[in-house]
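Heads up: the structure comes next, in structure tokens.
There are 6 protein chains.
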Amino acid sequence: MVYITRKENFCAAHKLHRKEWSQEKNLEVFGKCANPNWHGHNYSLFVTVKGEVNPQTGFVMNISELSEIVQKFVIEKLDHKNINMDVDFMQNKMASTENLIIGIWEQLEKPITEKNCKLHYIKLQETEKNFVEYYGNVEL
Amino acid sequence: MVYITRKENFCAAHKLHRKEWSQEKNLEVFGKCANPNWHGHNYSLFVTVKGEVNPQTGFVMNISELSEIVQKFVIEKLDHKNINMDVDFMQNKMASTENLIIGIWEQLEKPITEKNCKLHYIKLQETEKNFVEYYGNVEL
Amino acid sequence: MVYITRKENFCAAHKLHRKEWSQEKNLEVFGKCANPNWHGHNYSLFVTVKGEVNPQTGFVMNISELSEIVQKFVIEKLDHKNINMDVDFMQNKMASTENLIIGIWEQLEKPITEKNCKLHYIKLQETEKNFVEYYGNVEL
Amino acid sequence: MVYITRKENFCAAHKLHRKEWSQEKNLEVFGKCANPNWHGHNYSLFVTVKGEVNPQTGFVMNISELSEIVQKFVIEKLDHKNINMDVDFMQNKMASTENLIIGIWEQLEKPITEKNCKLHYIKLQETEKNFVEYYGNVEL
Amino acid sequence: MVYITRKENFCAAHKLHRKEWSQEKNLEVFGKCANPNWHGHNYSLFVTVKGEVNPQTGFVMNISELSEIVQKFVIEKLDHKNINMDVDFMQNKMASTENLIIGIWEQLEKPITEKNCKLHYIKLQETEKNFVEYYGNVEL
Amino acid sequence: MVYITRKENFCAAHKLHRKEWSQEKNLEVFGKCANPNWHGHNYSLFVTVKGEVNPQTGFVMNISELSEIVQKFVIEKLDHKNINMDVDFMQNKMASTENLIIGIWEQLEKPITEKNCKLHYIKLQETEKNFVEYYGNVEL
Numbered sequence: 001m002v003y004i005t006r007k008e009n010f011c012a013a014h015k016l017h018r019k020e021w022s023q024e025k026n027l028e029v030f031g032k033c034a035n036p037n038w039h040g041h042n043y044s045l046f047v048t049v050k051g052e053v054n055p056q057t058g059f060v061m062n063i064s065e066l067s068e069i070v071q072k073f074v075i076e077k078l079d080h081k082n083i084n085m086d087v088d089f090m091q092n093k094m095a096s097t098e099n100l101i102i103g104i105w106e107q108l109e110k111p112i113t114e115k116n117c118k119l120h121y122i123k124l125q126e127t128e129k130n131f132v133e134y135y136g137n138v139e140l
Numbered sequence: 001m002v003y004i005t006r007k008e009n010f011c012a013a014h015k016l017h018r019k020e021w022s023q024e025k026n027l028e029v030f031g032k033c034a035n036p037n038w039h040g041h042n043y044s045l046f047v048t049v050k051g052e053v054n055p056q057t058g059f060v061m062n063i064s065e066l067s068e069i070v071q072k073f074v075i076e077k078l079d080h081k082n083i084n085m086d087v088d089f090m091q092n093k094m095a096s097t098e099n100l101i102i103g104i105w106e107q108l109e110k111p112i113t114e115k116n117c118k119l120h121y122i123k124l125q126e127t128e129k130n131f132v133e134y135y136g137n138v139e140l
Numbered sequence: 001m002v003y004i005t006r007k008e009n010f011c012a013a014h015k016l017h018r019k020e021w022s023q024e025k026n027l028e029v030f031g032k033c034a035n036p037n038w039h040g041h042n043y044s045l046f047v048t049v050k051g052e053v054n055p056q057t058g059f060v061m062n063i064s065e066l067s068e069i070v071q072k073f074v075i076e077k078l079d080h081k082n083i084n085m086d087v088d089f090m091q092n093k094m095a096s097t098e099n100l101i102i103g104i105w106e107q108l109e110k111p112i113t114e115k116n117c118k119l120h121y122i123k124l125q126e127t128e129k130n131f132v133e134y135y136g137n138v139e140l
Numbered sequence: 001m002v003y004i005t006r007k008e009n010f011c012a013a014h015k016l017h018r019k020e021w022s023q024e025k026n027l028e029v030f031g032k033c034a035n036p037n038w039h040g041h042n043y044s045l046f047v048t049v050k051g052e053v054n055p056q057t058g059f060v061m062n063i064s065e066l067s068e069i070v071q072k073f074v075i076e077k078l079d080h081k082n083i084n085m086d087v088d089f090m091q092n093k094m095a096s097t098e099n100l101i102i103g104i105w106e107q108l109e110k111p112i113t114e115k116n117c118k119l120h121y122i123k124l125q126e127t128e129k130n131f132v133e134y135y136g137n138v139e140l
Numbered sequence: 001m002v003y004i005t006r007k008e009n010f011c012a013a014h015k016l017h018r019k020e021w022s023q024e025k026n027l028e029v030f031g032k033c034a035n036p037n038w039h040g041h042n043y044s045l046f047v048t049v050k051g052e053v054n055p056q057t058g059f060v061m062n063i064s065e066l067s068e069i070v071q072k073f074v075i076e077k078l079d080h081k082n083i084n085m086d087v088d089f090m091q092n093k094m095a096s097t098e099n100l101i102i103g104i105w106e107q108l109e110k111p112i113t114e115k116n117c118k119l120h121y122i123k124l125q126e127t128e129k130n131f132v133e134y135y136g137n138v139e140l
Numbered sequence: 001m002v003y004i005t006r007k008e009n010f011c012a013a014h015k016l017h018r019k020e021w022s023q024e025k026n027l028e029v030f031g032k033c034a035n036p037n038w039h040g041h042n043y044s045l046f047v048t049v050k051g052e053v054n055p056q057t058g059f060v061m062n063i064s065e066l067s068e069i070v071q072k073f074v075i076e077k078l079d080h081k082n083i084n085m086d087v088d089f090m091q092n093k094m095a096s097t098e099n100l101i102i103g104i105w106e107q108l109e110k111p112i113t114e115k116n117c118k119l120h121y122i123k124l125q126e127t128e129k130n131f132v133e134y135y136g137n138v139e140l
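As they're listed, the protein sequences go chains H, R, E, U, L and W. Going by the numbering used here, 29 is the number at position 29 of the first sequence; the sequence numbering is gapless. Going by the numbering used here, 102 is the number at position 102 of the second sequence; the sequence numbering is gapless. Going by the numbering used here, 7 is the number at position 7 of the third sequence; the sequence numbering is gapless. Going by the numbering used here, 74 is the number at position 74 of the fourth sequence; the sequence numbering is gapless. Going by the numbering used here, 14 is the number at position 14 of the fifth sequence; the sequence numbering is gapless. Going by the numbering used here, 2 is the number at position 2 of the sixth sequence; the sequence numbering is gapless.
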């Protein structure tokens with residue numbers, strides 16, 4: 001069992017904000033992430049797939065195909081977008097990295113399974129100092 | 001003459017867009033940077049000051065003071081903000097990295113000169129692959 | 001179950017040295033790390049907390065609070081200090097990265113548990129080429 | 001149980017190519033990695049060993065010894081070499097990162113076990129965007 | 001006058017070798033870089049253009065156009081290639097980074113000038129520890 | 001004229017402290033860098049040499065020789081040392097990065113000139129956020 005990982009990048013705007021809360025409450029809970037006019041990040045996304053090595057190709061999965069899947073199902077929807085406003089799978093959710101990584105997992109699981117591979121792990125880096133990780137329903 | 005540099009980071013939203021142009025023209029010129037609902041970046045800012053070494057302190061300038069100046073005159077105005085909407089010194093300008101670096105220079109030149117140092121150079125990194133540099137009115 | 005990580009940095013001096021050994025024995029075992037007059041590093045500390053996502057905030061834990069805990073219980077005690085001489089929780093221990101990461105875990109476990117989260121993992125990077133990791137009493 | 005990791009680098013040439021396939025088939029499956037005249041990479045190798053902390057030294061394993069083992073059993077065989085042509089343990093295998101990481105594991109397992117430590121994990125980074133990981137026969 | 005820089009990557013094989021020298025002489029001068037069966041690197045190329053800021057676009061040059069020029073005139077010729085064997089502009093030259101950066105400059109100068117911009121500087125990084133820089137015929 | 005750069009690393013302890021000042025004054029001027037029991041850093045040193053390309057070798061200077069010079073004249077004196085106590089060329093000077101970079105220049109200028117090359121530039125990185133640069137007596 002070998003694990004292969006592809007990194008892709010996207011740039012997006014977002015804010016952390018609950019409509020039913022006052023701006024004071026939003027600022028208290030979310031700090032400067034609640035800025036009404038948005039802010040943004042260069043996100044780095046690491047997608048890890050696990051599987052047996054194919055003896056013909058030496059591959060778990062062709063990493064170009066993995067890149068294409070991540071581009072098509074995730075990056076095209078997020079890159080140079082507003083996460084709160086432009087992204088179908090983030091509607092009616094807080095645009096936190098935690099919710100974003102779960103949403104990204106849900107985009108990727110089916111197309112990767114259809115390639116007879118198993119999505120194992122996602123890491124989503126928001127800043128140099130902050131990142132989140134997700135293993136689907138599995139707890140390490 | 002020694003050169004000292006301080007790096008500071010900020011996260012901001014922006015878009016590249018001219019009101020007097022159609023959305024088609026904006027997309028043609030600015031590509032995905034013209035997304036109407038904004039996008040954003042983790043910017044890294046490098047500020048370089050040059051001067052003689054003070055024999056008492058061994059410093060060109062106390063780098064903590066340099067950090068405080070950059071924080072007060074630049075980072076507080078840009079971090080977790082919308083460059084087009086929230087930043088006084090970017091009003092009525094295209095929010096390109098080129099215009100942003102010139103605006104940042106204008107914020108920093110006076111407070112650094114007041115510390116008897118000389119602002120030499122600024123580098124502004126927008127993504128892993130794109131950055132701009134500025135030496136004020138000097139051409140290298 | 002989502003995992004969130006905060007990175008914090010500190011700069012510290014240390015040496016690897018056993019008083020009951022001769023300087024020859026110390027040099028043989030610890031090499032240049034046994035230099036009597038100390039040496040030092042820029043350490044990077046990665047602290048990972050796991051938990052369910054709060055539906056109100058979209059957070060496992062507010063990462064600003066996590067940062068404050070790491071600052072208060074670890075970074076203030078280690079940054080710009082001598083690990084052998086200045087750090088209460090490292091008294092009478094070899095100042096190796098292995099012992100340091102266990103000591104850091106012991107500082108963080110209680111305050112993170114009091115926030116109803118679970119400390120999952122710590123990574124401590126000493127140089128570009130060397131790092132250690134710890135999961136508490138759990139073996140992966 | 002603490003985990004220690006040493007990073008080492010090597011530069012090597014390789015190609016992905018099956019002799020029994022036509023060049024068209026090779027290009028279709030392996031893309032530009034099938035270039036007949038080779039290409040190459042700066043590889044980064046991360047080797048993780050786990051064990052109890054020795055109370056005399058504070059070490060799981062002396063990281064200088066770990067570095068020497070990785071140098072002797074892996075880096076000397078791969079650095080500034082052609083993976084397909086020059087490396088004994090890669091003969092008659094596709095020179096993919098997946099096969100390479102399994103081969104590296106087989107070089108390292110015995111000498112690390114002889115030091116009474118346990119090889120836990122290897123990461124092999126081929127480019128900024130692509131890496132593979134291996135835990136031996138263990139599945140995470 | 002603002003300076004903008006685009007980074008692009010390529011992976012290539014090469015060796016340092018003079019046919020008219022014995023293999024002993026080649027090894028003495030070029031060390032492990034003389035390995036007859038090639039080795040390779042992940043190269044990073046930084047291309048810096050200088051110019052006045054266009055008041056309509058806020059750009060010195062559209063960085064997407066700069067990227068396309070670098071892709072077309074340099075990366076397509078070098079990526080996943082053998083520098084000694086596959087690259088037209090490196091024929092009959094030592095495949096050193098010094099000669100490579102001069103060759104790259106010669107590919108880029110004309111198409112950038114045709115965009116009414118000025119090629120200012122190129123940096124070519126071969127490994128984490130080694131890079132070369134070139135300003136054309138200008139000496140800093 | 002091509003510029004080649006070699007990066008080398010060293011780990012060292014230091015403090016910023018004037019004996020003739022009270023500890024209060026030292027803390028006021030130098031902040032936490034005045035900690036009496038030292039602290040330390042992972043320093044990265046970039047040494048740039050300029051020259052014409054030798055048509056036989058394709059080199060400005062053999063980068064292995066440049067590495068050996070930097071190792072012998074600088075790294076061996078600084079790595080795993082105390083800059084204030086152990087380093088001959090830093091005696092009776094403040095152990096600031098500014099003074100350190102001037103001292104390093106003085107170590108390197110003669111042996112590089114003896115190789116018929118010209119030392120052009122040094123960069124000394126102390127932390128991720130702070131670095132200094134020096135061109136000898138030349139002002140850019």
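Using N, Cα and C, we set each Cβ at its ideal position, and we do this for glycine too.
Check: Proximal residues of chain E, C-beta to C-beta of H:G31 below 7 Å; Outcome: S64
Check: Chain U contacts made by the segment 4-28 of chain H, where a contact means CB separation under 8 Å; Outcome: I4, T5, R6, K7, E8
Check: Per-residue burial, W:Q125 [other beta carbons within 10 Å of its own, 16 or more giving buried]; Outcome: buried
Check: Alpha-carbon to alpha-carbon, R:M90 and R:I75; Outcome: 14 Å
Check: Nearest-angstrom Cα separation, counted from U:V60 out to U:L108; Outcome: 17 Å
Check: R:A13 vs H:G40 beta-carbon contact at 7 Å; Outcome: yes
Check: Pairwise C-alpha distance: H:K93 and E:E52; Outcome: 15 Å
Check: Segment limits, beta strand (DSSP E) that includes E:V138; Outcome: Taken as a continuous stretch (DSSP letters only), E:V138 belongs to no beta strand (DSSP E), as it is neither H nor E.
Check: Selected residue, minimal CA-CA separation from W:T48, among W:E8, W:D86, W:N130; Outcome: W:E8
Check: With 16 other Cβ atoms within 10 Å as the buried cut-off, status of U:K15; Outcome: buried
Check: Burial state of E:S22, where buried means 16 or more other Cβ atoms lie within 10 Å; Outcome: exposed
Check: Contacts that L:F59 makes with chain R (C-beta to C-beta distance below 7 Å); Outcome: S96, E98
Check: Where U:E109 meets chain H, residues with beta-carbon distance less than 9 Å; Outcome: Under the 9 Å cutoff, chain H gives no residues; its nearest Cβ is about 16 Å from U:E109.
Check: Test item: CB-CB of E:K81 and E:M1 under 7 Å; Outcome: no
Check: Contact residues within the segment 74-93 of chain E, judged by C-beta distance below 8 Å to chain W; Outcome: D79, H80, K81, N82, M85, D86
Check: Host beta strand (DSSP E) of W:F30 (start-end); Outcome: Not the beta strand (DSSP E): W:F30 falls in the alpha helix (DSSP H), residues 23-30.
Check: Cut-off 7 Å between Cβ atoms - residues of its own chain near R:P111, not counting five sequence neighbours on either side; Outcome: I69, F73
Check: Where the alpha helix (DSSP H) through H:E109 begins and ends; Outcome: 97-113
Check: Residue-chain proximity (L:Y134, chain W), Cβ-Cβ < 7 Å; Outcome: yes
Check: Selection from E:N137, E:E28, E:F10, E:N35 that minimises the alpha carbon distance to W:M85; Outcome: E:N35
Check: Simplified DSSP assignment, three categories, for R:V2; Outcome: strand
Check: DSSP state of L:C11 mapped onto helix, strand, coil; Outcome: strand
Check: For E:G40: DSSP bridge partner residues; Outcome: E:A13
Check: Chain W residues whose Cβ lies nearer than 8 Å to that of L:N130; Outcome: I4, T5, R6, K7, I63
Check: Bridge-paired residues (DSSP) for L:T57; Outcome: L:T57 pairs with nothing; no bridge assigned.
Check: Residue-level contact to chain W via CB, E:T127, 7 Å cutoff; Outcome: yes
Check: Under the three-state DSSP convention, the category H:V70 falls into; Outcome: helix
Check: Rounded C-alpha distance that separates H:N223 from R:W38; Outcome: No statement about residue 223 of chain H is possible, as the shown extent of chain H runs from 1 to 140 and does not include it.
Check: Three-way DSSP call (helix, strand, coil) for L:K93 in this model; Outcome: coil
Check: Residue from E:V138, E:F46, E:N130 with nearest C-alpha to E:Q71; Outcome: E:F46
Check: Where the alpha helix (DSSP H) through W:I83 begins and ends; Outcome: 83-86
Check: The segment 37-51 of chain W: positions lying closer than 7 Å to chain E by Cβ; Outcome: N37, W38, H39, G40, H41, N42
Check: Burial state of L:E133 (16 or more Cβ within 10 Å); Outcome: buried
Check: Close-in-space but distant-in-sequence residues of the same chain around H:I63 (CB under 8 Å, 5 per side omitted); Outcome: I4, R6
Check: Rounded Cβ spacing between L:D79 and U:K32 (contact assumed at less than 8 Å); Outcome: 7 Å
Check: Minimum Cβ-Cβ distance from E:E106 to chain U less than 7 Å; Outcome: no
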